[in-house]
Amino acid sequence: MKIVFIGAGRLATHLAKALYAAGHDIVQVYSRTIESASYLAMTTGGKPTTDISTLTYDADIYIYAVSDSVLSDLIPQICKGREQKVFIHTAGSIPMDAFATVATHFGVLYPMQTFTKGRDIDFSTIPCFIEAGDDYAQNVITELAESISNKVRYLSSDDRKYLHLAAVFTCNFVNHCFAISSDILAEHNIPFSVMYPLIDETISKIHEIPPVEAQTGPAVRYDKNVIHNQSTMLEAEPLLKDIYERMSMSIHKKAQIDDKLRFK
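Numbered according to the working numbering, the sequence shown spans residues 479 to 742.
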């Protein structure tokens with residue numbers, strides 16, 4: 479299939495490379511900067527552009543992989559005059575109907591993964607959640623997704639926004655906790671690498687048991703002495719202190735609810 483990419487960021491880079499490797503033709507890459515457009519175009523064989531008016535009308539699919547804040551502005555500009563093409567966005571929290579008034583064939587391809595430039599990921603293992611506005615778009619998007627992933631699943635816009643919310647807790651919030659931990663350790667000249675075995679075991683065991691059953695630490699039993707002492711250590715950082723106390727309370731409350739359900 480002949481594809482135009484709108485965006486050249488982290489997700490666009492990984493997705494475009496995967497599609498190119500699967501045999502698709504990336505004919506053009508649009509980005510706000512010629513540097514990012516040129517890099518992605520160079521690695522996928524397409525032509526770079528920073529001018530929407532120069533986008534080809536001859537592609538089969540137009541994939542939007544841009545920030546949510548600019549998606550609503552770009553959709554009508556690029557769909558105009560290309561209404562019979564297939565338009566796809568990759569956002570977790572934007573409904574499919576963002577295309578409804580300006581295109582005939584449209585949908586979503588949401589790869590649920592964290593992407594970093596310069597770090598290779600096996601796209602075949604990434605769950606890809608798709609949605610389509612009509613049968614034609616669904617056939618095209620399904621074929622496209624299955625050409626790069628072994629885990630393709632249809633999901634509605636309403637369910638996808640909750641999937642995205644869950645992903646924020648699973649990835650972004652957890653990684654922020656790692657960053658906080660790293661800062662605390664650095665202040666006392668302790669390398670963050672000492673946490674690797676703990677992190678690895680934490681992640682490993684939730685492949686075997688539910689997360690709530692894997693939870694350990696002072697908050698589960700609500701050890702007031704430990705919680706108070708550690709909270710006091712964060713007096714100079716009111717925001718972190720608040721996060722620590724609220725997280726501890728949430729962990730304890732979740733454990734209590736789970737215990738009640740388990741022994742009903």
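Cβ atoms here follow ideal geometry from the backbone N, Cα and C, with glycine treated the same way.
Is it buried or exposed, residue i, if we count other Cβ atoms within 10 angstroms and call 16 or more buried?
i	result
residue 563	buried
residue 621	exposed
residue 542	buried
residue 647	exposed
residue 674	exposed
residue 559	exposed
residue 523	exposed
residue 547	exposed
residue 729	buried
residue 526	buried
residue 565	buried
residue 577	buried
residue 627	buried
Which of the three DSSP states is assigned to residue i in this structure?
i	result
residue 488	helix
residue 685	coil
residue 730	helix
residue 705	helix
residue 566	strand
residue 558	coil
residue 481	strand
residue 715	coil
residue 696	helix
residue 668	coil
residue 723	helix
With distances taken from CA atoms, which of the options is nearest residue i?
i	options	result
residue 528	596, 506 and 521	506
residue 641	516, 594, 590 and 549	590
residue 618	635, 644, 677 and 587	587
residue 569	560, 665 and 545	545
residue 694	726, 509, 637 and 487	726
residue 536	503, 490, 626 and 555	503
residue 630	637, 644 and 609	609
residue 597	491, 721 and 479	491
residue 712	722, 703 and 704	722
residue 488	515, 501, 479 and 499	515
residue 508	500, 644 and 555	555
residue 510	704, 539, 494 and 552	552
residue 633	678, 594, 583 and 572	572
residue 583	614, 643, 549 and 688	614
residue 715	661, 734, 669 and 683	661
residue 574	550, 593, 595 and 594	550
residue 623	663, 539 and 703	539
residue 692	672, 671 and 733	733
residue 494	663, 599 and 533	599
- request: Could I get the ranges of all uninterrupted beta strand (DSSP E) runs contained in the segment 623 to 664, with 3 residues as the minimum, in chain order?
  value: 629 to 632
Completely contained beta strand (DSSP E) runs for the segment 570 to 632, where each covers 3 or more residues: 583 to 589, 605 to 610 and 629 to 632
query: At which residue ranges does the segment 490 to 552 contain complete beta strand (DSSP E) runs of 3 or more residues, listed in the order of the chain?
result: 503 to 508, 525 to 527 and 539 to 542
- request: Please determine if the segment 600 to 613 and the segment 652 to 666 are in contact, where contact requires at least 3 C-beta pairs separated by less than 8 Å.
  value: no
- prompt: Would you call the segment 480 to 491 and the segment 514 to 521 in contact, with 3 or more CB pairs under 8 Å?
  reply: yes
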